[in-house]
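>
Number of protein chains: 2
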Amino acid sequence: MQRSTTPAEQTDPQVGLAVSTVIFTLRADDGFGATDPAPGIWLPLVRRIREPYDGLWALPGGPLGAAESLADAASSTLETTTSLRPRYLEQLYAFGDLDRSPAERVVSIVYWALVGSDEAKRTRLGQNVRWFPADALPPLAFDHRDIVEYALWRLRNKLEYSHIAHAFLGETFTLSELREVHEAVLQKQLDPANFRRQVESSGLVLQTDELRTGGRHRPARLYRWTQPVTRPETPSPGRSTSRRPTTSTPTTRQQSEEPA
Amino acid sequence: MQRSTTPAEQTDPQVGLAVSTVIFTLRADDGFGATDPAPGIWLPLVRRIREPYDGLWALPGGPLGAAESLADAASSTLETTTSLRPRYLEQLYAFGDLDRSPAERVVSIVYWALVGSDEAKRTRLGQNVRWFPADALPPLAFDHRDIVEYALWRLRNKLEYSHIAHAFLGETFTLSELREVHEAVLQKQLDPANFRRQVESSGLVLQTDELRTGGRHRPARLYRWTQPVTRPETPSPGRSTSRRPTTSTPTTRQQSEEPA
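Read top to bottom, the protein sequences are chains A and B. When we follow my numbering, the leftmost residue of the first sequence carries the number 1, and every step to the right adds one. When we follow my numbering, the leftmost residue of the second sequence carries the number 261, and every step to the right adds one.
See below:
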């Protein structure tokens, strides 16, 4: 095949295309009634009921329908498996290794989603769907373990230079709540005084006049983000003449979109 | 279809899969003999010789072969069209809009590559391939204009917090050369004294003992990166037990890899 004279946009019917989603939330419970353990990152998995990998757990996903955009396929998977609409949905990576599926060649375009812990608690799971802690996953089908590891790595990196913790928190939050998110993602304890200094000097958050009261703790100062929370890095919708895609539309429900 | 019980890894034969590549380099010449204009970002395009979009320019690319990994497909396109092996090759994004191709549904997984200007000068182009300045592109086939805009936006963002300029420069470089890269990518003039202060306080570069001599200018101090240049953000190869993919292997020829 002459790539230089037949560029792009042909198809090879031997390669299949799937869309899968890694869905993270922050959960304090361990599902077995333990009281108030440190919150950790959890994700929902789906038990396979046919070959290959019958009986193993896998990321929610499915073949890309001919009439579905990539983001629509990811959203639809989310809704079917967990009844959730994520605060944050972004394309993660396309995994296309030759032998990632034993029977046929399949490329999986993977999205990652973050949902608030309040939402995750209200979740109705589909049949054969369960939440697992990210640090205690069962054996996974395909290369889904690698995909989860990569998503966790992206989450850790993104936490450091963005508002991504927003997806786990409400509009306002205490510094303890923000520290808990960082501790869960980074999987290590952070010194409260150092964390406070770093966060306050980062310019990312502002004190509000409000206090969080109630609960076992004394009232704590509430903070908010200094700037509107930005959308995930996604291509600009439409054929804009501007060289700079819109990347900072204020929005609370963040959804990545394919270009129109 | 029950997504919750038939997860992942099926295929819909109606959706095709292509891999395309956006290749950026820094060029000072304008191709018409003008002497010493400011360097700008250029990219190679391929003229289509069949429908759809017969005669229009497009990104180099082609269908994903059943026996090719995604990165191999991107590399092979690069080599066929430009004889180039890029210093930097990274997956950019999967574009899957429903009507991006008029005839059939095609999802394009797009890579982006950076090549040094010295290499770009030595390039032998394939038939129907030409370099174009990024700020004066001809009409492009499909949604390739949007893809180029998105790649430029990613390049601008990445420049600010990484060593990505390395891909345009040698192991050592003068501050003027580094400023030229930033000016070309950001498309604006930067004040030399401010730029020097910012770069020197960033901790990203170190003075060497060497000077660049020759040419029309007086000898200039050479700089180098303080740390080994890191690989692009890609999933970890293999099923590592570590939660953190290898991301800082020192390497001069940077190539993204699918997990093995």
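From the three backbone atoms N, C-alpha and C, an ideal C-beta is built for every residue, glycine too. The structure displayed is predicted, hence computed values, not measured ones.
1) May I ask you to report which of helix, strand or coil DSSP gives residue 171 of chain A?
2) Please state if the CB of residue 369 of chain B and the CB of residue 344 of chain B are separated by a distance shorter than 8 Å.
3) Based on the DSSP output, what are the partners of residue 348 of chain B in its beta bridges?
4) Relative to the C-alpha of residue 86 of chain A, which residue among A/53, A/169 and A/210 is closest?
5) In angstroms with no decimal places, state the Cα-to-Cα distance between residue 176 of chain A and residue 119 of chain A.
6) For a test of the three-state rule: what should DSSP assign to residue 189 of chain A, helix, strand or coil?
7) For the beta strand (DSSP E) that contains residue 278 of chain B, what are its first and last residues?
8) Taking the continuous alpha helix (DSSP H) assigned at residue 311 of chain B, which residues delimit it?
9) Work out the CA separation of residue 355 of chain B and residue 47 of chain A for me, nearest whole Å.
10) By a C-beta neighbour count over all protein chains shown, 10 Å radius and 16 as the cutoff for buried, is residue 210 of chain A buried or exposed?
11) Do we get a CB-CB distance below 8 Å when we pair residue 274 of chain B with the residues of chain A?
12) Hey, is residue 330 of chain B's beta-carbon within less than 8 Å of any beta-carbon in chain A?
13) Using beta-carbon positions only, say whether residue 288 of chain B and residue 304 of chain B come within less than 8 Å of one another.
14) Report the start-end ranges of each beta strand (DSSP E) in the segment 462-488 of chain B that is 3 residues or longer and not cut off at the edges.
15) Does the beta carbon of residue 353 of chain B come closer than 8 Å to any beta carbon on chain A?
16) How many Å lie between residue 275 of chain B and residue 334 of chain B at the Cα?
17) Just mark residue 315 of chain B as buried or exposed, buried being the case when its beta carbon has 16 or more other beta carbons within 10 Å.
18) Specify the secondary structure class of residue 324 of chain B as computed by DSSP and reduced to three states.
19) Using DSSP with H/G/I as helix, E/B as strand and the rest coil, what is residue 318 of chain B?
20) Does residue 302 of chain B pass the burial test, meaning 16 or more other C-beta atoms within 10 Å, or should it be called exposed?
21) Should residue 17 of chain A be labelled buried (16 or more other beta-carbon atoms within 10 Å of its own) or exposed?
22) Counting only beta-carbon atoms, is residue 105 of chain A nearer than 8 Å to chain B?
On the basis of the supplied data:
1) Translated into positions along the first sequence, residue 171 of chain A becomes position 171. Here residue 171 of chain A sits in coil by DSSP.
2) By 1-based counting over the second sequence, the position of residue 344 of chain B is 84. By 1-based counting over the second sequence, the position of residue 369 of chain B is 109. In this structure, residue 369 of chain B does not lie closer than 8 Å to residue 344 of chain B by Cβ.
3) Taking the first residue of the second sequence as 1, we reach residue 348 of chain B at position 88. Looking at the DSSP assignment, residue 348 of chain B forms a beta bridge with B/374.
4) Position 86 of the first sequence, counted from the start, is the residue given in the question as residue 86 of chain A. The option with the nearest alpha carbon to residue 86 of chain A is A/169.
5) Here residue 176 of chain A is taken as the residue at index 176 of the first sequence, counted from 1. Here residue 119 of chain A is taken as the residue at index 119 of the first sequence, counted from 1. One C-alpha to the other measures close to 20 Å.
6) As a first step, residue 189 of chain A is located in the first sequence; it is residue number 189 there, counting from the start. In the structure shown, residue 189 of chain A sits in coil (DSSP, three-state: anything other than H, G, I, E or B).
7) Translated into positions along the second sequence, residue 278 of chain B becomes position 18. 275-287 is the span of the beta strand (DSSP E), which, as asked, contains residue 278 of chain B.
8) For this step, residue 311 of chain B is matched to residue 51 along the second sequence. Per DSSP, residue 311 of chain B belongs to no alpha helix (DSSP H) and is neither H nor E.
9) Counting from one through the first sequence, the residue named residue 47 of chain A turns up at place 47. Counting from one through the second sequence, the residue named residue 355 of chain B turns up at place 95. Roughly 29 Å between the two C-alpha positions.
10) By 1-based counting over the first sequence, the position of residue 210 of chain A is 210. With fewer than 16 other Cβ atoms within 10 Å, it is exposed.
11) Position 14 of the second sequence, counting from 1, holds the residue named residue 274 of chain B. By this cut-off, residue 274 of chain B is an interface position.
12) If you number the second sequence from 1, residue 330 of chain B lands on position 70. Yes, contact with chain A.
13) Mapped onto the second sequence, residue 288 of chain B falls at position 28. Mapped onto the second sequence, residue 304 of chain B falls at position 44. No, these two residues do not count as a Cβ contact at 8 Å.
14) 465-472 and 480-485
15) Position 93 of the second sequence, counting from 1, holds the residue named residue 353 of chain B. Output row for residue 353 of chain B: interface = yes.
16) The residue labelled residue 275 of chain B in the question sits at position 15 within the second sequence. The residue labelled residue 334 of chain B in the question sits at position 74 within the second sequence. When rounded, the distance between both Cα atoms is 20 Å.
17) The sequence position of residue 315 of chain B within the second sequence is 55, counting from 1. Looking at its Cβ environment, which holds fewer than 16 other Cβ atoms inside 10 Å, residue 315 of chain B is exposed.
18) By one-based count along the second sequence, residue 324 of chain B stands at place 64. Here residue 324 of chain B sits in coil by DSSP.
19) Reading the second sequence from its first residue, position 58 is the one you call residue 318 of chain B. If DSSP states are grouped into helix, strand and coil, residue 318 of chain B belongs with the strands.
20) Against the second sequence, residue 302 of chain B aligns to sequence position 42. Residue 302 of chain B is buried by the Cβ-count criterion.
21) Working through the first sequence from its first residue, we reach residue 17 of chain A at position 17. Residue 17 of chain A is buried by the Cβ-count criterion.
22) Within the first sequence, numbered from 1, the residue matching residue 105 of chain A stands at position 105. Closer than 8 Å to some Cβ of chain B, the Cβ of residue 105 of chain A qualifies, so yes.
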